[in-house]
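Asker:
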Amino acid sequence: MIPSASALLDWYERHRRDLPWRAPPGGRTPPYHVWLSEIMLQQTTVVTVKPYYSRFLSRYPTIEALAKAPQEDVLAAWAGLGYYTRARNLHACAQQIAALGAFPSTVPALRALPGIGDYTARAIAAIAFGVPVVPVDGNVERVTSRLFAIDTPLPAARRLLAQQAAILNTEPAAQANASDFAQALFDLGATICTPRAPTCILCPWQPRCSAYAQGIAEKLPVKTPRGAKPQKYGACFVLRDRHGAVWLRRRPEKGLLAGMTELPGTNWRLEAWSEQEALSHAPAQAEWREVGFVTHVFTHLTLQLTVYDAQISEFRSHPLGEGFSCSVQALEAQALPSVMRKCLALAGLS
DNA sequence: AAAGCGTGGAG
DNA sequence: TCTCCAAGCTT
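Read in UniProt numbering, the first sequence has 234 at position 234, and its numbers run on one by one without any break.
1) Could you tell me which of 301, 318 and 291 sits nearest to residue 307, measuring between CA atoms?
2) On the three-state DSSP scale, how would you describe residue 14?
3) Does the distance from the C-beta atom of residue 310 to that of residue 288 stay below 8 Å?
4) Looking at C-alpha atoms only, which residue of 263, 342 and 7 is the closest neighbour of residue 322?
5) Under a three-way DSSP split, which group does residue 272 fall into?
6) Considering only residues of the same chain and omitting the five flanking positions on each side of residue 132, which have a CB-CB separation below 6 Å?
7) Between residue 296 and the rest of its own chain, which residues show a CB-CB distance below 6 Å, the 5 nearest in sequence each way excluded?
8) Restricting to Cα atoms, I'd like to know which of 246, 205 and 318 is closest to residue 10.
9) Would you report the Cα separation of residue 208 and residue 12, rounded to the nearest angstrom?
10) DSSP on residue 60, reduced to helix/strand/coil?
11) Under 8 Å between the Cβ atoms of residue 221 and residue 270?
12) For residue 150 and residue 163, which I take to be in contact (beta-carbon distance under 8 Å), what is that distance rounded to the nearest angstrom?
13) What's the gap between the Cα of residue 128 and the Cα of residue 188?
14) Is residue 148 helix, strand or coil by DSSP?
15) I'd like the span of the beta strand (DSSP E) that includes residue 232, first residue to last.
16) At the level of alpha carbons, what is the spacing between residue 293 and residue 279?
17) Among 154, 317 and 24, which has the Cα closest to the Cα of residue 219?
18) In chain order, which continuous runs of the alpha helix (DSSP H) of length 4 or greater are located wholly inside the segment 80 to 106?
19) Would you tell me roughly how many angstroms separate the C-alpha atoms of residue 144 and residue 259, rounded to the nearest one?
20) Using only the alpha-carbon positions, how far apart do residue 147 and residue 337 sit?
21) Say whether the segment 189 to 202 touches the segment 239 to 249, bearing in mind that this needs 3 or more beta-carbon pairs closer than 8 Å, one atom from each stretch.
22) To the nearest angstrom, report how far apart residue 20 and residue 57 are at their CA atoms.
23) Just checking my contact of residue 39 with residue 86 at CB under 8 Å: how many whole Å lie between their CB atoms?
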């Protein structure tokens, strides 16, 4: 039996979350805002996104303003949010859309843009343009797996769950209210059909939920466990001149933290570095002092950095490698990822 | 198509 | 401390 779309829409009308990128009932969020929020929300919580979203919109009120901005500035505005390829794709995407002259409104046209995959294309189409499609994100996968009691483990079950989710969309009420229906599914997953301890008592779809009937809602969806992440080691150097400025450099255009600003340092490897070996990678000869360690967990590795600091009189009187000088006041505007901000904080900066 | 790609918060 | 998680995309 197909759960009733109108039951969900009624529930949504009463319990919808008030979010910065969500228009009041009856209103419509501009596609630029929908798109920006969707990119920021990829693998990122609402609480984390909120301050970034409002800051980003004040800085780039229109997609044209974003398109014209230097990539460095966009990365700086994104610093701390993670998954920095999103920011690079966002910028490239803004330029493509600005060149088009209008925001694409169909799933295939959206899908062709950088940083927009199957999920995001459907989300923008449904939310901003009312196209009757269901965006299948983690919320919808969870809701669907419980509704139909699908215990095939993710990510193998992804296609099956997408097919089942499409069944939800066969009702006229769902198709006629595509924007609300999509967001209602998100809210159901975020507030009722939660990963742990779902509140099935309050769920508008509880009478039709197969997992609830079997008492296995909390066990779904099943996920294949992932392997342990390797531990890596590195060292970085906080070099200051007598004016207090810091020596920084830009990371390579590909790979981890691509294009972001960093402290100069060693590469990151599985084997720990001896002090002597680490210091041979220092940006200058100086009296280096070990400040301490920073541990940072990335998606696929754990990194331990040894932080050294030293002071010299003038940067230009030393043979420094690639890099640039940055005043302490200007650090905030740099595209410094969180791991680097931790290192700077340990050395007493920022 | 499996792996790479950030971060901070909750339990 | 540790594991899992949050509106996934790209190669």
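The beta carbon of each residue, even a glycine, is placed where N, CA and C say it ideally should be.
Answerer: Straight from the coordinates:
1) Answer by Cα proximity: 291.
2) Here residue 14 sits in helix by DSSP.
3) Yes, the pair counts as a contact, with Cβ atoms nearer than the cut-off.
4) The candidate whose alpha carbon is nearest that of residue 322 is 263.
5) It is coil, neither helix nor strand.
6) So the qualifying residues of the chain are 175 and 178.
7) Cβ neighbours of residue 296 beyond the five flanking positions: 303 and 339.
8) Closest by alpha carbon: 205.
9) Roughly 17 Å between the two C-alpha positions.
10) Three-state result, residue 60: coil.
11) No.
12) Actually they do not touch by this definition, with Cβ atoms about 10 Å apart.
13) About 20 Å.
14) When secondary structure is reduced to three states using DSSP, residue 148 falls in the coil class, being assigned neither helix nor strand.
15) For residue 232, the enclosing beta strand (DSSP E) begins and ends at 231 to 240.
16) So the two alpha carbons sit approximately 15 Å from each other.
17) Comparing alpha carbon positions, the residue from 154, 317 and 24 closest to residue 219 is 154.
18) Every unbroken stretch of the alpha helix (DSSP H) spanning 4 or more residues and falling wholly within the segment 80 to 106 is given here in chain order: 85 to 100.
19) Looking at the two C-alpha atoms, the distance is approximately 38 Å.
20) Cα to Cα, the separation comes out at about 40 Å.
21) No, the segment 189 to 202 does not touch the segment 239 to 249.
22) CA-to-CA, the gap between residue 20 and residue 57 works out to about 11 Å.
23) Beta-carbon to beta-carbon, residue 39 and residue 86 are separated by about 5 Å, close enough to satisfy the 8 Å threshold.
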